[in-house]
Amino acid sequence: MNSTDTILSEMVATLSELNPRKMDLSQSCKAALKRTLNAVEYYLEIYRNILEQILETCGKSPDETTIVDFGGGHGILSILAKKLGFYRVIYVDYNPDSLKMASMIGNQLGTMPDAMLQGDATTLKTWCAENSVIPDGLLAMDVIEHIYVLDDFFACLHEISPRMKMIFTTASSPYNHRVVRKLHKAMIADEMGTAIKKGFWHMRRDYIQKSYPDMSDRELDFWADNTRGLKYDDVLRAVDARSPNLLLDKYNTCDPRTGSWTERILPIDDYRELLSPYGFNVVVLPGRYNQYRRGPKAWYSRYYNKRIDKAPDHTPQRCGERRRMRKALKVAPFIFILVH
């Protein structure tokens, strides 16, 4: 067993002893941590893979590399990076409860990130400028599908460092049709609501009605339809300017209070188009299923992982490589988006 395997084994043992129900955290944080701990070996393997990829992409050793764990949710990726000898690790999360959770987990594991910031990409940019820090890489797990305005997000990251490498993971894969159908159902539920939960459509309609009390029901319905994907302030700007927000995708929707998208699915070419002005290349690779599962699900994981493992570990050039990559992406439970 090498040193990395030993570190992972020790982290699995310590994390397995945590009981989220007894931790002084919000219910959403407890639920998120429980999901991770229920498959802790699987997630640590993903984190290990990401850290190895960022080192390969940066062409540096761990003790020369500064990385950002952006929106990690619980800081476990940051802690693993420090245990593996990364020079500087910066953990950023918008949710203060997530930083609190990261501190608790760090105390249990005996390791902390070098910096913990509450905020967004702008917060990171300010901190890096004030501390004369230029990150080599940024890692973001299940974040990119929720970012309100990707143009602003990527522009901000480019200002931090035009040479910073980035790796995003997302389960909102446009390739896996089974995943797409599942996410569409979640989007419809968020947009239209349920018997016990008001949907985003009704939230936008109510907000517009408060600002325009004389607007007819027909007009309110029209603008509620055609401001999907906007926060409240932008909803009013669209109505004032009589400029409908016409989304090409009929399912993607965001919470008008925060701008957080419901697992937004974007074609990879959209990411390429957004990043090409900054000179970045985009490579998409398939993620693997949880090989640590037991019972019938274990067979399912092994079966699909064999197909996924046949994919090339780079942008496919030859016809056979492209075919294997397409097959792997169609069944992968999530994807890696490498930006360099």
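For the sequence shown, the numbering used here gives the first residue as 44, with consecutive numbering after it.
All C-beta atoms, glycine included, are put in the ideal place defined by N, C-alpha and C.
I believe residue i touches residue j by the beta-carbon criterion, under 8 Å. Please report the beta-carbon distance rounded to the nearest angstrom.
i, j, result
"Arg-91", "Leu-152", "Incorrect: roughly 15 Å between the Cβ atoms, too far for contact."
"Tyr-134", "Pro-156", "4 Å"
"Leu-68", "Asp-136", "Actually they are not in contact, since the Cβ atoms of Leu-68 and Asp-136 sit about 13 Å apart, beyond 8 Å."
"Asn-87", "Leu-123", "The question names Asn, but residue 87 is Leu in the sequence shown. At roughly 7 Å, the Cβ-Cβ gap stays under 8 Å, so Leu-87 and Leu-123 are in contact."
"Tyr-191", "Ser-303", "7 Å"
"Ala-75", "His-117", "7 Å"
"Tyr-231", "Tyr-294", "Note on residue identity: the sequence assigns Ile, not Tyr, to residue 231. Yes, Ile-231 and Tyr-294 are in contact; Cβ-Cβ is about 7 Å, under 8 Å."
"His-357", "Val-326", "7 Å"
When you compare only the Cα positions, how much space is there between residue i and residue j?
i, j, result
"Pro-339", "Gly-330", "20 Å"
"Asn-324", "Pro-310", "15 Å"
"Arg-369", "Tyr-347", "13 Å"
"Ser-319", "Leu-200", "14 Å"
"Leu-120", "Tyr-255", "47 Å"
"Ile-177", "Glu-99", "18 Å"
"Asp-312", "Val-374", "19 Å"
"Glu-60", "Glu-53", "11 Å"
"Arg-285", "Asp-292", "21 Å"
"Met-184", "Lys-228", "22 Å"
"Lys-168", "Glu-188", "21 Å"
"Ser-71", "Tyr-250", "26 Å"
"Ser-46", "Glu-173", "35 Å"
"Glu-262", "Trp-244", "14 Å"
"Ala-341", "Arg-350", "15 Å"
"Tyr-275", "Pro-359", "43 Å"
"Lys-143", "Asn-150", "11 Å"
"Leu-372", "Asp-283", "43 Å"
"Pro-63", "Cys-297", "29 Å"
"Leu-127", "Thr-49", "11 Å"
"Leu-80", "Tyr-314", "31 Å"
"Thr-305", "Arg-248", "19 Å"
"Ala-42", "Ala-56", "The structure shown does not extend to residue 42, since the chain spans only 44 to 383, so no value can be given for it."
Look up residue i in the DSSP assignment and give the residues it is bridged to.
i, result
"Thr-213", "Ile-378"
"Tyr-134", "Asp-112, Met-159"
"Lys-125", "Looking at the DSSP assignment, Lys-125 forms no beta bridge with any residue, so it has no partner."
"Val-327", "Ile-380"
"Ala-183", "Phe-211"
"Trp-304", "Cys-297"
"Gly-236", "Lys-241"
Grab me the residues of residue i's own chain with a C-beta within less than 7 Å of its C-beta, minus the 5 sequence neighbours each way, in chain order.
i, result
"Gly-242", "Asp-233, Glu-234, Met-235, Gly-236"
"Leu-290", "Arg-271, Gly-272"
"Ala-164", "Phe-196, Cys-199, Leu-200"
"Ser-344", "Tyr-332, Asn-333, Gln-334, Arg-336"
"Met-66", "Lys-73, Met-147"
"Leu-279", "Ser-254"
"Met-205", "Reading the sequence as shown, one finds Pro at residue 205 and not Met. Result list for Pro-205: Tyr-321, in chain order."
"Asp-194", "Leu-317"
"Cys-101", "Thr-108, Asp-179, Gly-180, Lys-208"
"Thr-154", "Ile-122, Lys-125, Lys-126"
"His-383", "Thr-100, Lys-208, Phe-323, Asn-324"
Identify, in the order they occur along the chain, each residue of the same chain with its Cβ nearer than 8 Å to the Cβ of residue i, setting aside the five sequence neighbours on each side.
i, result
"Ile-97", "Thr-108, Ile-110, Asp-179, Gly-180, Leu-182, Lys-208, Ile-210"
"Val-222", "Ala-214, Ser-215, Ser-216, Pro-376"
"Lys-269", "This sequence places Asn at residue 269; Lys is not what is there. Excluding residues within five positions, the ones whose Cβ falls inside 8 Å are Ala-281, Pro-287, Asn-288, Leu-289."
"Thr-212", "Ile-89, Ile-93, Ala-183, Met-184, Asp-185, Gly-330, Phe-377, Ile-378, Phe-379, Ile-380"
Please state the DSSP three-state secondary structure of residue i.
i, result
"Met-207", "coil"
"Gly-149", "helix"
"Lys-241", "strand"
"Asp-67", "coil"
"Asp-352", "coil"
"Arg-271", "coil"
"Arg-361", "coil"
"Pro-310", "coil"
"Asn-45", "coil"
"Ile-89", "helix"
"Ile-50", "helix"
"Val-192", "coil"
"Asp-292", "coil"
"Ser-254", "helix"
"Ser-344", "helix"
"His-117", "coil"
"Ser-141", "helix"
"Leu-318", "helix"
Short of 6 Å in beta carbon distance, which residues of its chain neighbour residue i, apart from the five on each side in sequence? Order them along the chain.
i, result
"Tyr-395", "With the chain running from 44 to 383 in the structure shown, residue 395 is simply not present."
"Met-246", "Pro-299"
"Arg-367", "Lys-353, Ala-354"
"Gln-252", "Leu-263"
"Ile-203", "Lys-168, Cys-171"
Could you tell me whether any non-hydrogen atom of the ligand NAD is closer than 6 Å to the CB of residue i?
i, result
"Lys-143", "As presented, the structure is devoid of all ligands, the ligand NAD included, so that no description of it is given."
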